[in-house]
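Participant:
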Amino acid sequence: MINPFEIGINFLETFIIFLFLTVYFGCKYNNPIKYIGFISGMLVAVAALTVLNSISVYEGIYGLILILIYFLYSFFFLKGDVFIKIFISSFIDCIVSIINLVTLLGMRVVSGASYEKLLSFSSERAVYISLAKILLIAICILLLKYKLSNIARRIHIVPVILLAFIAELSMTEIAQVMLVYDGLRKELFVISMAVVAIIILAYYIFFKTHYDAKLQADYFALKQKYEYDRARTREVTELYDKICGLKHDLSIYFTNALGYLDESPERAKSYMQSIVHNQIEGSKKFIETDNKCFNAVVSTKLSVCEREKIFTQITVQNHSLDKLGDDEVGIIFGNLFDNAIRASKNSRERTIELDVKIQGEYLSILMMNSIDKSVLDKNRDLATTKENKAVHGFGTKNIKRIVDKHDGMIDYFEEDGYFGCHILML
Numbered sequence: 000m001i002n003p004f005e006i007g008i009n010f011l012e013t014f015i016i017f018l019f020l021t022v023y024f025g026c027k028y029n030n031p032i033k034y035i036g037f038i039s040g041m042l043v044a045v046a047a048l049t050v051l052n053s054i055s056v057y058e059g060i061y062g063l064i065l066i067l068i069y070f071l072y073s074f075f076f077l078k079g080d081v082f083i084k085i086f087i088s089s090f091i092d093c094i095v096s097i098i099n100l101v102t103l104l105g106m107r108v109v110s111g112a113s114y115e116k117l118l119s120f121s122s123e124r125a126v127y128i129s130l131a132k133i134l135l136i137a138i139c140i141l142l143l144k145y146k147l148s149n150i151a152r153r154i155h156i157v158p159v160i161l162l163a164f165i166a167e168l169s170m171t172e173i174a175q176v177m178l179v180y181d182g183l184r185k186e187l188f189v190i191s192m193a194v195v196a197i198i199i200l201a202y203y204i205f206f207k208t209h210y211d212a213k214l215q216a217d218y219f220a221l222k223q224k225y226e227y228d229r230a231r232t233r234e235v236t237e238l239y240d241k242i243c244g245l246k247h248d249l250s251i252y253f254t255n256a257l258g259y260l261d262e263s264p265e266r267a268k269s270y271m272q273s274i275v276h277n278q279i280e281g282s283k284k285f286i287e288t289d290n291k292c293f294n295a296v297v298s299t300k301l302s303v304c305e306r307e308k309i310f311t312q313i314t315v316q317n318h319s320l321d322k323l324g325d326d327e328v329g330i331i332f333g334n335l336f337d338n339a340i341r342a343s344k345n346s347r348e349r350t351i352e353l354d355v356k357i358q359g360e361y362l363s364i365l366m367m368n369s370i371d372k373s374v375l376d377k378n379r380d381l382a383t384t385k386e387n388k389a390v391h392g393f394g395t396k397n398i399k400r401i402v403d404k405h406d407g408m409i410d411y412f413e414e415d416g417y418f419g420c421h422i423l424m425l
């Protein structure tokens, strides 16, 4: 017989778990689909809990079914790495089992109430349920504080997932023994606490390993940024030297022009036109937009393009970059140009095209560079081809980090002898 009180408990527990999963990973969607997923997932879990509680089924199978429901909800409706979704789905179910069992054993030891009373509709059961759910909420908050992002080394999570399964199966067997051998309640409580300590330690070890890997990735990213800034400093220095040289030459040009004016105004005019066309226009590789950081970064890259004899065509819509910070502008366009220059200088066409504009609600950045052979055929993930892979290859990752921050997307494609990168950001 279905007990409304038990259904209410199942609903409360399921709501806490689904809310935890949603906050932990974040929703994939910003439309009614996220509410549909949350409600439908909860209803399936509550129904599964209610049915499984009313029939005789091995508790291990019971747990696996719930883990599958949590994972499927996370997989289809939430963001994040699929391996972390597997881990958190199994870990939170393990935590629920541990909390329920430890709280039940604790209440039995402290209050002396029988298991029948603690598992039936009674005041002791209300206290037991309240303590269990408060503990569950507290642990969920703690896990949210120390949550994991994408995994650097996925192989590390496999033994931890297995440990979560083993811990839950152990708690299941302890529960079976508890109901048969009531005289062992203190010993079983101690064993249960040991299992709790093991699962907490396992999470800590995994979190620490992941955190160390993240620190290492951040270190390499900073090292790459240092190398990039050093290269950009060199480019700015070269540009400054070029401007100083042009300034020096202009004094000579004007002196000569003044001399020609005394002889013949027409000759002076012809001379000045020649200077403008051959010297000034020929070396004009500056970009002027309403974004000063963009101007600085792209102007240095254009000087490199001039040196490498790469043709460039740049179109930038006014105020299109207003939502980006200077550091974001520098990282995006610095890396885009670095990649485009490196690829196009090895092609016959030697061409780079950049188009920046507002497209609907999105900032659209389209970078195209000429190529002689496909890049994506053999390098779909755009991994670095440089020898020291440990300290290179963070350019595209840094761009993606910024794009993800602005709820955007990146599309890499090839067409008509060109490699393209199309970025859309809110």
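According to numbering that gives the first Met the number 0, the sequence shown is numbered sequentially starting from 0. Idealized CB from N, CA, C, for every residue including glycine.
(1) Do you know how far the Cα of A342 is from the Cα of T299?
(2) Give the DSSP-derived three-state secondary structure of F310 in the structure shown.
(3) I'd like to confirm the pairing. Which residues does DSSP put opposite L423 in its beta bridges?
(4) Just to confirm, are N338 and I351 a CB contact at a threshold of 8 Å?
(5) With T350 as the anchor, note down where its beta strand (DSSP E) starts and where it stops.
(6) Please tell me whether T102 and L48 are closer than 8 Å, where the distance is taken between their beta carbons.
(7) Could you name the residues of the same chain whose beta carbon sits closer than 7 Å to that of G105, not counting the 5 residues immediately before and after it, in chain order?
(8) Provide the residue(s) that pair with E414 in DSSP beta bridges, ordered along the chain.
(9) I need the straight-line Cα distance from I401 to E327, nearest angstrom please.
(10) Of all the options A256, L365, I398, which has the alpha carbon lying nearest to the alpha carbon of G333?
(11) From L135, K268, N345, pick the residue whose C-alpha is nearest to that of E307; which is it?
(12) Nearest CA to the CA of L335: which residue from V355, P264, F253, H318?
(13) Would you grab the beta carbon distance between S88 and Y69 for me? Rounded to a whole angstrom, and I think it's under 8 Å.
(14) At a cut-off of 7 Å, would you count E12 as near the ligand HEM, judging by its Cβ distance to the nearest heavy atom?
(15) Is E52 helix, strand or coil by DSSP?
(16) Identify whether L320 lies in helix, strand or coil by the three-state DSSP scheme.
(17) Roughly how many angstroms lie between the CA atoms of K27 and V95, to the nearest whole one?
(18) Which class does E386 belong to by DSSP, given the choice of helix, strand or coil?
(19) From the DSSP output, which residues share a beta bridge with S369?
(20) Strictly by DSSP, which residues pair up with L77?
(21) Within this structure, are the beta carbons of A131 and I98 separated by less than 8 Å?
(22) Which of the three DSSP states is assigned to V315 in this structure?
(23) Given a threshold of 16 other Cβ atoms within 10 Å of its Cβ, counted over all protein chains shown, does V50 qualify as buried or as exposed?
(24) What are the boundary residues of the alpha helix (DSSP H) that includes R266?
(25) Taking just the CA atoms, how far does M408 sit from I15?
(26) Just to confirm the assignment, what range does the alpha helix (DSSP H) spanning L134 have?
(27) Just the Cα atoms here: how many angstroms apart are M424 and I364?
(28) Does I173 come out as helix, strand or coil in the three-state DSSP assignment?
(29) When burial is assigned at 16 or more other CB atoms within 10 Å of the CB, is S110 buried or exposed?
(30) Buried or exposed for Y203, going by 16 or more other Cβ atoms inside 10 Å?
(31) Mind checking whether I173 and L100 have CB atoms under 8 Å apart?
(32) May I have the straight-line CA-CA distance separating F82 from S73, to the nearest angstrom?
(33) Excluding five sequence neighbours on each side, which residues of the same chain lie with their C-beta closer than 8 Å to the C-beta of I128?
(34) Quick check: R124 and L134, are their CB atoms within less than 8 Å of each other?
(35) Determine the direct distance from the alpha carbon of I138 to that of V126, and round the result to whole angstroms.
(36) State the start and end residues of the unbroken alpha helix (DSSP H) segment that holds L335.
Facilitator: Straight from the coordinates:
(1) 18 Å
(2) strand
(3) S363, M408
(4) no
(5) 350-358
(6) no
(7) F188
(8) Y417
(9) 7 Å
(10) I398
(11) N345
(12) V355
(13) 4 Å
(14) With respect to the ligand HEM, the structure offers nothing, as it holds no ligand at all.
(15) Before going further, note that residue 52 is Asn rather than Glu in the sequence given. N52 falls in the helix class under three-state DSSP.
(16) coil
(17) 26 Å
(18) Note that E386 scores 44 on pLDDT, short of 50, meaning its location in the model is unreliable and no value can be drawn from it.
(19) Y417
(20) C26
(21) yes
(22) strand
(23) exposed
(24) 264-274
(25) 32 Å
(26) 122-144
(27) 9 Å
(28) helix
(29) exposed
(30) exposed
(31) yes
(32) 11 Å
(33) I8
(34) no
(35) 18 Å
(36) 325-343
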